[in-house]
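Asks: Here it is, the structure, as structure tokens.
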Amino acid sequence: MSTIYEAAATIKPKTPDEEEVLKNLWSIRPCYLYNEEYEDCTSVKARFHQYFIHGESIDCNQWKRDFDSCVRFEKNATDTKSALELIRSEQKRREERMRAHYGNNVWTKRTAPPQDWAKPLPEHMQKEYEGSFLASKAKELREGPQTPEMESSSSCAIM
């Protein structure tokens, strides 16, 4: 198989594991990304950063295991064990990344945008915006491209 998505076409779920693989196939990244993450994690620059932030080098072997599992699954689409390892690894990575978000009890989460989210900018900001590049591009999008008027008396000479 050349991609994980082509492998998905060959999976005919018969077991709960195969159904889980098919349901969570979207979470599996392309294999080269796992290898890039591993190489980045083990680079000198990353090791220096890890030592600066954590006081020690972190274990990068999970990226290598994920790469190996991805390659095995890509070669053999019926290898649901490798796919499940990848899916569980991605779930764990996602949970760890979102832990601070879910544990946040300082800010209340919104269910809708503020009522006045589209109110006009203050006058001093509107004056700054009028002559900006962003304003000219917004005007161009609204009205179409503006072409400068060609003067009839202009001439060009190339020597």
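Taking full-length UniProt numbering, the leading residue of the sequence shown gets 1, the next gets one more, and so forth.
Built from N, CA and C at the ideal position, the CB exists for glycine as well.
Within 10 angstroms of the Cβ of Asp66, are there 16 or more other Cβ atoms? Answer buried if so, exposed if not.
Replies: Numbered from its first residue, the sequence shown carries residue 66 at position 66. It is buried - the Cβ of Asp66 has at least 16 other Cβ atoms within 10 Å.
Asks: Between the Cα of Leu33 and the Cα atoms of Glu123, Leu86, Glu128, which residue gives the shortest distance?
Replies: Looking up residue 33 in the sequence shown gives position 33. Considering only alpha carbons, the answer is Leu86.
Asks: In the structure shown, what three-state DSSP assignment does Gly131 receive?
Replies: Position 131 of the sequence shown holds residue 131. In this structure, Gly131 counts as coil in the three-state DSSP scheme.
Asks: Using the Cα positions of Lys92 and Ala118, report the straight-line distance between them to the nearest angstrom.
Replies: Residue 92 sits at position 92 when you count from the first residue of the sequence shown. Residue 118 sits at position 118 when you count from the first residue of the sequence shown. Between Lys92 and Ala118, the C-alpha separation is close to 38 angstroms.
Asks: If you reduce the DSSP assignment to three classes, tell me which class Ala157 lands in.
Replies: Within the sequence shown, residue 157 is the residue found at index 157, counting from 1. Three-state result, Ala157: coil.
Asks: Comparing alpha-carbon positions, which option in Asn105, Met98, Thr78 lies nearest Lys12?
Replies: Here the question's residue 12 lines up with position 12 in the sequence shown. Considering only alpha carbons, the answer is Thr78.
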